[in-house]
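Asker:
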Amino acid sequence: MKTSLPPLAPGQALPECRITITQALIDHYAEVSGDFNPIHVDPDAGRDSDFGGTIAHGCIPLEPVFQCLLRWSGADRLPAQTRLRFRYRSPSRPGDTIRAEMRLIAEPQQKLDGLMRFSFACLRQDDQVVIDGECDFPV
Amino acid sequence: MNPDFCYETARLGDVLCTGIVDVSEADIARFRSLMGYGDSTSEEVAPPSMGLTYGLKLGWEHAIFPPGVVRMGDDDEFGKPARAGDQLTTSFRIIEKFERKERRFLRYEMRTVNQKNEMVCAIVFVGLMPSNTKAQIS
Numbered sequence: 219m220k221t222s223l224p225p226l227a228p229g230q231a232l233p234e235c236r237i238t239i240t241q242a243l244i245d246h247y248a249e250v251s252g253d254f255n256p257i258h259v260d261p262d263a264g265r266d267s268d269f270g271g272t273i274a275h276g277c278i279p280l281e282p283v284f285q286c287l288l289r290w291s292g293a294d295r296l297p298a299q300t301r302l303r304f305r306y307r308s309p310s311r312p313g314d315t316i317r318a319e320m321r322l323i324a325e326p327q328q329k330l331d332g333l334m335r336f337s338f339a340c341l342r343q344d345d346q347v348v349i350d351g352e353c354d355f356p357v
Numbered sequence: 003m004n005p006d007f008c009y010e011t012a013r014l015g016d017v018l019c020t021g022i023v024d025v026s027e028a029d030i031a032r033f034r035s036l037m038g039y040g041d042s043t044s045e046e047v048a049p050p051s052m053g054l055t056y057g058l059k060l061g062w063e064h065a066i067f068p069p070g071v072v073r074m075g076d077d078d079e080f081g082k083p084a085r086a087g088d089q090l091t092t093s094f095r096i097i098e099k100f101e102r103k104e105r106r107f108l109r110y111e112m113r114t115v116n117q118k119n120e121m122v123c124a125i126v127f128v129g130l131m132p133s134n135t136k137a138q139i140s
């Protein structure tokens with residue numbers, strides 16, 4: 219793992235990462251996760267639900283957050299004790315492209331002992347927030 | 003299996019289920035490909051979300067997520083990354099039951115460790131329980 223991180227000023231954003239959601243991706247994720255809930259994998263059940271169609275498992279639109287951090291840090295893993303706190307705000311569906319926007323809100327020397335704190339949001343192509351939260355990234 | 007698991011039967015602190023999964027290089031490659039990882043990361047080290055996904059799988063297999071439960075949000079901590087060849091042990095507990103505005107919530111704790119008992123990920127998430135519904139929403 220790299221020992222030095224690219225410089226980042228408070229308010230500065232990490233390089234953006236995206237994931238495009240397809241029904242095939244959802245179906246394959248169901249196999250990996252064991253979550254075959256019909257709202258994810260059955261288009262008929264999705265049509266009959268309040269969502270009007272299938273929706274992605276929550277971990278799928280979250281994925282760009284991990285990829286943002288890994289891409290920025292140049293590492294293949296998160297440092298130990300990395301924490302994410304987040305809320306699901308709205309569903310994502312096949313055809314959506316979800317992008318993660320992450321922004322440094324505090325450098326370690328400012329407020330936090332050995333942590334960089336990021337705010338993040340996962341947004342659909344229409345800028346609707348799907349997930350938002352914070353990440354503490356040890357340095 | 004927990005076929006009768008629901009808000010009423012959930013008991014604080016009890017281990018709901020424990021399971022073991024082996025991680026292979028093929029598993030990691032498959033997951034990386036599925037989630038769109040590029041070539042910049044190792045195929046021996048699992049992406050952080052893979053440990054999370056494998057842990058949740060155990061919960062589905064043991065029916066501890068009642069049909070209709072809605073996951074509201076998480077507090078996730080990541081530790082030692084899972085690697086090819088690791089054997090991961092995951093366990094689930096309920097750490098809080100609460101009601102707000104006539105809605106019922108369970109706070110789950112999922113903890114995954116490797117064969118050296120090093121923490122891979124520790125996830126706390128809140129599930130909004132279905133009222134009397136057989137809806138199939140997660």
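Note that the protein sequences, when read in sequence, are chains A and B. Letter by letter, the first sequence follows residues 219 to 357 of the working numbering. Letter by letter, the second sequence follows residues 3 to 140 of the working numbering. The beta-carbon is built from N, C-alpha and C at its ideal position, and this holds for glycine as well.
Do you know offhand how far Q285 (chain A)'s Cα is from P297 (chain A)'s?
Answerer: In the first sequence, the residue the question calls residue 285 (chain A) occupies position 67. In the first sequence, the residue the question calls residue 297 (chain A) occupies position 79. Answer to the nearest angstrom: the Cα atoms are 14 Å apart.
Asker: Within 8 Å (strictly less), CB to CB, does D78 (chain B) reach chain A?
Answerer: On the second sequence, residue 78 (chain B) is found 76 positions in, with the first residue counted as 1. Yes - at least one Cβ of chain A is within 8 Å of the one on D78 (chain B).
Asker: Suppose contacts are defined by Cβ-Cβ distances below 8 Å. Is H258 (chain A) in contact with A248 (chain A) by that definition?
Answerer: Position 40 of the first sequence, counted from the start, is the residue given in the question as residue 258 (chain A). Position 30 of the first sequence, counted from the start, is the residue given in the question as residue 248 (chain A). Yes, these two residues count as a Cβ contact at 8 Å.
Asker: For A231 (chain A), which three-state DSSP category applies?
Answerer: Working through the first sequence from its first residue, we reach residue 231 (chain A) at position 13. Looking at A231 (chain A) - three-state DSSP - the assignment turns out to be strand.
Asker: Tell whether a beta-carbon distance below 8 Å holds between F33 (chain B) and P49 (chain B).
Answerer: Stepping through the second sequence from its first residue, residue 33 (chain B) is reached at position 31. Stepping through the second sequence from its first residue, residue 49 (chain B) is reached at position 47. At the C-beta level, F33 (chain B) and P49 (chain B) come within 8 Å of one another.
Asker: Could you tell me whether any Cβ in chain A is nearer than 8 Å to the Cβ of P68 (chain B)?
Answerer: For the purposes of this step, residue 68 (chain B) is identified with residue 66 of the second sequence, where counting begins at 1. For P68 (chain B), the answer is no, since every Cβ of chain A falls outside 8 Å of its Cβ.
Asker: Out of A:F338, A:D344, A:L322 and A:S337, state which residue places its alpha-carbon closest to the alpha-carbon of L226 (chain A).
Answerer: Reading the first sequence from its first residue, position 8 is the one you call residue 226 (chain A). Comparing Cα positions, the closest option is A:L322.
Asker: Using a cut-off of 9 Å between C-beta atoms, extract the partners of I237 (chain A) located in chain B.
Answerer: Walking along the first sequence from the start, residue 237 (chain A) turns up at place 19. Within 9 Å Cβ-Cβ: M37 and G38.
Asker: Which residues in chain B have a C-beta closer than 8 Å to the C-beta of L243 (chain A)? List them in chain order.
Answerer: Within the first sequence, numbered from 1, the residue matching residue 243 (chain A) stands at position 25. Ordered by position in chain B, the residues that pass the 8 Å Cβ test against L243 (chain A) are L36.
Asker: Closest to F127 (chain B) by C-alpha separation, out of B:F94, B:E104 and B:V47, would be which residue?
Answerer: Taking the first residue of the second sequence as 1, we reach residue 127 (chain B) at position 125. Ranking B:F94, B:E104 and B:V47 by Cα distance to F127 (chain B) puts B:F94 first.
Asker: Answer yes or no: do V250 (chain A) and T114 (chain B) have a C-beta to C-beta separation smaller than 8 Å?
Answerer: Residue 250 (chain A) sits at position 32 when you count from the first residue of the first sequence. Residue 114 (chain B) sits at position 112 when you count from the first residue of the second sequence. Not in contact: V250 (chain A) and T114 (chain B) (Cβ atoms no closer than 8 Å).
Asker: Under the rule that 16 or more other beta-carbon atoms within 10 Å means buried, what is F100 (chain B), buried or exposed?
Answerer: Working through the second sequence from its first residue, we reach residue 100 (chain B) at position 98. F100 (chain B) is classed as exposed because its beta carbon has fewer than 16 other beta carbons within 10 Å across all chains shown.
Asker: For a test of the three-state rule: what should DSSP assign to Y306 (chain A), helix, strand or coil?
Answerer: Reading the first sequence from its first residue, position 88 is the one you call residue 306 (chain A). Reduced to three states, the DSSP call for Y306 (chain A) is strand.
Asker: Closer than 7 Å by C-beta to T238 (chain A): which residues in its own chain qualify, once you throw out the five before and the five after it? Chain order, please.
Answerer: For the purposes of this step, residue 238 (chain A) is taken as the residue at position 20 of the first sequence. Contacts found: T315.
Asker: Please work out which residues of its chain come closer than 7 Å, Cβ to Cβ, to F80 (chain B), disregarding the five sequence neighbours upstream and downstream, and give them in chain order.
Answerer: Against the second sequence, residue 80 (chain B) aligns to sequence position 78. Taken in chain order, the residues that qualify are P50 and C123.
Asker: Apply the 10 Å Cβ neighbour rule to G53 (chain B) and answer buried if 16 or more other Cβ atoms are within range, or exposed otherwise.
Answerer: In the second sequence, the residue the question calls residue 53 (chain B) occupies position 51. Flag for G53 (chain B) reads buried.
Asker: Looking only at its own chain, which residues have a Cβ that is under 8 Å from the Cβ of Q89 (chain B), when we skip the five neighbours before and after it?
Answerer: Within the second sequence, numbered from 1, the residue matching residue 89 (chain B) stands at position 87. Hits under 8 Å: I22, V23, D24, V25, N116 and Q117.
Asker: Roughly how many angstroms lie between the CA atoms of M74 (chain B) and L58 (chain B), to the nearest whole one?
Answerer: Here residue 74 (chain B) is taken as the residue at index 72 of the second sequence, counted from 1. Here residue 58 (chain B) is taken as the residue at index 56 of the second sequence, counted from 1. Answer to the nearest angstrom: the Cα atoms are 15 Å apart.
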